[in-house]
Amino acid sequence: MLKRSYLKSPDLLPIKESERKVTKLGYSFMWVGMVVVLATFAIGGAGVVSLPLPLVVLATIIGSLAIGLFITLTGDIGIEHGLSFPVYMRAPFGTIGTHIPSVVRGLAASMWFGINTYFGATAMNGILNILSGFDNWFVCFLIFAILQLVNTALGIKAVERFADLAAPVIILISVWMYSSLSNSAASQGRDIWSWVESPVTGAATFTAFLVVIFSNMGFWATLSADIPSISRFMKAPSNERNWFKRNRSALIGNLVALPITQAFMVLIGGISYIAVLNYDPVVALQEAASGFVLGVLLLMIVLAQWSTNIAANIVPAATIFSNVGGPKFPFWAGVLTAGVVGTIVQPWNLFDIIIPVLLFVGGILSSIVGILISDYYFIRKRRVNVPALYEDRGQFRYMKGINLAGFISWILGAVVSYFVPNFSFLVGFGIGALCYYVLAKYWWFKKYEQAELSDPSDEKYLGMSVGRDWIIEDAEENVIEKSPTGTSFS
Numbered sequence: 133m134l135k136r137s138y139l140k141s142p143d144l145l146p147i148k149e150s151e152r153k154v155t156k157l158g159y160s161f162m163w164v165g166m167v168v169v170l171a172t173f174a175i176g177g178a179g180v181v182s183l184p185l186p187l188v189v190l191a192t193i194i195g196s197l198a199i200g201l202f203i204t205l206t207g208d209i210g211i212e213h214g215l216s217f218p219v220y221m222r223a224p225f226g227t228i229g230t231h232i233p234s235v236v237r238g239l240a241a242s243m244w245f246g247i248n249t250y251f252g253a254t255a256m257n258g259i260l261n262i263l264s265g266f267d268n269w270f271v272c273f274l275i276f277a278i279l280q281l282v283n284t285a286l287g288i289k290a291v292e293r294f295a296d297l298a299a300p301v302i303i304l305i306s307v308w309m310y311s312s313l314s315n316s317a318a319s320q321g322r323d324i325w326s327w328v329e330s331p332v333t334g335a336a337t338f339t340a341f342l343v344v345i346f347s348n349m350g351f352w353a354t355l356s357a358d359i360p361s362i363s364r365f366m367k368a369p370s371n372e373r374n375w376f377k378r379n380r381s382a383l384i385g386n387l388v389a390l391p392i393t394q395a396f397m398v399l400i401g402g403i404s405y406i407a408v409l410n411y412d413p414v415v416a417l418q419e420a421a422s423g424f425v426l427g428v429l430l431l432m433i434v435l436a437q438w439s440t441n442i443a444a445n446i447v448p449a450a451t452i453f454s455n456v457g458g459p460k461f462p463f464w465a466g467v468l469t470a471g472v473v474g475t476i477v478q479p480w481n482l483f484d485i486i487i488p489v490l491l492f493v494g495g496i497l498s499s500i501v502g503i504l505i506s507d508y509y510f511i512r513k514r515r516v517n518v519p520a521l522y523e524d525r526g527q528f529r530y531m532k533g534i535n536l537a538g539f540i541s542w543i544l545g546a547v548v549s550y551f552v553p554n555f556s557f558l559v560g561f562g563i564g565a566l567c568y569y570v571l572a573k574y575w576w577f578k579k580y581e582q583a584e585l586s587d588p589s590d591e592k593y594l595g596m597s598v599g600r601d602w603i604i605e606d607a608e609e610n611v612i613e614k615s616p617t618g619t620s621f622s
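Residue 188 in the working numbering is what sits at position 56 of the sequence shown, and the numbering runs on without skipping anything.
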C-alpha cells in the first residue's frame, strides 16, 4: 500500500470540467455581496475629507477596473488548469516555500473575516434590538461567525447559492440606503456632490485622487493573489484557446460587477460621512432611520458581510490552511481555523487602522501578484507541468522545497512598496514581476530545469484550452493525466 503524498490533499487536487458549477451570473452576484464591507465604506469616508464625492467615485472606478484586470489575469490559472492559489504557488516559491506567502494571505483573509463578521454582528444586534430589545453584539458575533463557517464548509455551490439569494436583496436595499443617507445629509444642509470637509488644491488634489485609486486596488490585491481558489470552480468553455472567450465569465464579474458595485458602496460610505461624519453606515443609519426601515437597511449589511466573507475570505483561507496541513487536514478544518484566527485577533479593535493596513498589505501581496503573472504568462506562457506540482521529488522541489527567485523578488517588492505607501500596489507589483522574470529565467531555471520550458508543448502542458482535465492519483508518485482525446496515461 502506497503512502499518500503530503502534497496531494483531496481538497487541493485540480478541479475537473464536470465539477465546475459556478455560473457567470453566480460569479457576478458574488461580487455584489463581496464589496459591501466596512473597508469599502471607509474608502469613501476618507475620500470626502479632501475630495468632492464625484472625484472619489471616479477614482474608485479607475482603481476597480485596474484591479479587476489583475484579478482576471491571475484567475486564468484556476480556469485553465483547475488549480488553487497555494498549489500553483509551488511553481514560483517551491513545494515548501509556498507555505510562507500563502499563510500571510491566509492570516490576512482570516482577519478580514473577523472584521466583516464584527461589522455584520453590529447590524444583527441592531435588528434584534429593534425587534426584541436584545443588546449584546458579542453573542451576535459568535452566532454570525458560526453561520458563515457552516455555510462555507458545505462547499462552493452553497457559497454561490447564498450569493444568488443575497445579491438581489443587497441591490434593492442599498438603493434605499442611498436615499435615506442622502436625505439625512440634505437635512444637515450639505450637498453630497460638492461638500468636502477639508478641501485640497493643486498637486495635493492629484495625490489624494491617487490615494483613493490605490486604496481600492490595495484592498482587492489580496483576492487578486488567490482568486484561482475561486475561479477554478467557474464554468468555462473547453477547447477554447481564445483567452477572452475562455475568461468571459470572469471578465464580466471583474470588469463590470466589481467596478459598479464598488463605486456605489464607496458612494454610500462617502454619503455616510457627509451625513454624520462617520463612514460606518450602521452608525449613520441609526441616526438617519428608525423602526422597521432601520431594520431592513441593517439586514442588507448582515447579508453582505455573510456573502463577502464566505467567498472572499473563508474559502481562500481554508484552502491555504488545508494546503499547509496536508491530507489529514481537510477543507472544513481549514474553515474552522480561519474562524478561530479571525476571532482571536479581536477585530473590533482594528477599525482605526484600516486604510494604512490596506495600503501596506496591498503592497506586500501585490508583489506576489506580479510574481504569479510573471511566472504564469511571461515565463511558462500558461503551460504548466501540473502533475509535478503534486510530486515530493519533482521539478518544483528546487532547493529543499524553496525557489529563491520567488522569495528574493517578493522581499524586494514588499520592502520597496513599504516606503511608498500611496503607490504600494503599483510599485510592489512592478518590482515583484520584473525581478522574478530576470532571476527565474536567467538564473534559477538554469539551475533547475522546467519541463514546460524545455518542451513548451500545448498538448502536454495546457489544460482547458486543449480539453484536458488534470487528474492526480491519491497514491504517492502515481500520476494519471487525461489527454485531450480522453486517453489516460501514467
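In this text, a Cβ means the ideal position worked out from N, Cα and C, and glycines have one as well.
Computed from a predicted structure; not experimentally measured.
Asked                                                                                                              : Found
3 or more residues per run - each beta strand (DSSP E) lying fully within the segment 399 to 444                   : none
Close-in-space but distant-in-sequence residues of the same chain around Tyr574 (CB under 8 Å, 5 per side omitted) : none
Distance between Ser556 and Ala336 (C-alpha atoms, nearest Å)                                                      : 18 Å
Where the beta strand (DSSP E) containing Trp602 begins and where it ends                                          : Trp602 to Ile604
Ser137, enclosing alpha helix (DSSP H) - first and last residue                                                    : That residue, Ser137, is in no alpha helix (DSSP H); it is neither H nor E in DSSP.
Residue(s) in a DSSP beta bridge with Val154                                                                       : Met366
Exposure of Arg237, with buried meaning 16 or more beta-carbon neighbours within 10 Å                              : buried
Start-end ranges of the alpha helix (DSSP H) lying completely within the segment 279 to 366, minimum 4 residues    : 288 to 319, 335 to 358 and 360 to 363
Contact set for Gly533: own chain, Cβ-Cβ below 7 Å, skip 5 residues either direction                               : Gly226, Thr227, Ile228 and Gly229
Exposed unless 16 or more other CB atoms sit within 10 angstroms - verdict on Lys140                               : buried
Contacting residues, own chain, Cβ-Cβ under 6 Å from Val167 (five flanking each side not counted)                  : Thr393, Gln394 and Met397
Length of the line joining the Cα atoms of Thr206 and Asp601                                                       : 19 Å
Reduced DSSP category for Ile534 - H, G, I as helix; E, B as strand; rest coil                                     : strand
Local Cβ density within 10 Å of Glu523, reported as buried at 16 or more and exposed below that                    : buried
Supposed close pair Thr155, Asn386 - CB separation, criterion 8 Å                                                  : No, Thr155 and Asn386 are not in contact; Cβ-Cβ is about 15 Å, not under 8 Å.
Proximity below 7 Å, CB of Gly179 to CB of Val388                                                                  : no
Range of the contiguous alpha helix (DSSP H) that encloses Met221                                                  : Unbroken run through Met221: none, as it is neither H nor E.
Segment limits, alpha helix (DSSP H) that includes Phe266                                                          : Here Phe266 belongs to no alpha helix (DSSP H), and DSSP marks it neither H nor E.
Length-filtered (3 minimum) beta strand (DSSP E) runs lying within the segment 499 to 583                          : none
Phe481, buried or exposed, once every other Cβ within 10 Å from all chains shown has been counted against 16       : Here residue 481 is Asn; the residue named in the question, Phe, does not match the sequence. Asn481 should be labelled exposed.
Under 7 Å between C-beta atoms of Ala191 and Phe341                                                                : yes
Inter-residue spacing [alpha-carbon to alpha-carbon] between Phe528 and Ile503                                     : 16 Å
Residue nearest to Leu215 in terms of C-alpha spacing, selected from Tyr250, Lys289, Pro448 and Val188             : Pro448
Neighbour-count burial assignment, Gln320, 16 or more Cβ in a 10 Å radius                                          : exposed
Residue range of the unbroken alpha helix (DSSP H) whose run includes Ala465                                       : Phe463 to Ile476
For Leu624, the first and last residue of its enclosing alpha helix (DSSP H)                                       : Outside the shown range of the chain, which is 133 to 622, sits residue 624, and nothing can be said about it.
DSSP state of Ser597 mapped onto helix, strand, coil                                                               : helix
Extent of the continuous alpha helix (DSSP H) run through Gly457                                                   : Val447 to Gly457
Bounding residues of the alpha helix (DSSP H) (the contiguous stretch that carries Thr172)                         : Leu170 to Gly179
Buried or exposed by the 16-neighbour rule on C-beta atoms within 10 Å, applied to Asn610                          : Any reading at Asn610 must be qualified, since the residue scores a pLDDT of 42, below 50, and its modelled position is unreliable; the value itself is stated next. Asn610 is exposed by the Cβ-count criterion.
Separation of Val547 from Pro553, as counted between CA atoms                                                      : 11 Å
For Pro479, the three-state DSSP class (helix, strand or coil)                                                     : helix
The segment 507 to 518 touching the segment 272 to 284, judged by at least three CB pairs closer than 8 Å          : no
Any non-hydrogen atom of the ligand ZN within 6 Å of Thr440 CB                                                     : Absence of the ligand ZN from the depicted structure is noted, as is the absence of any ligand whatsoever, leaving it without description.
For Pro479 and Tyr250, believed in contact at Cβ under 8 Å, the rounded distance                                   : 5 Å
Residue interval of the alpha helix (DSSP H) (run including Ala382)                                                : Arg380 to Ile384
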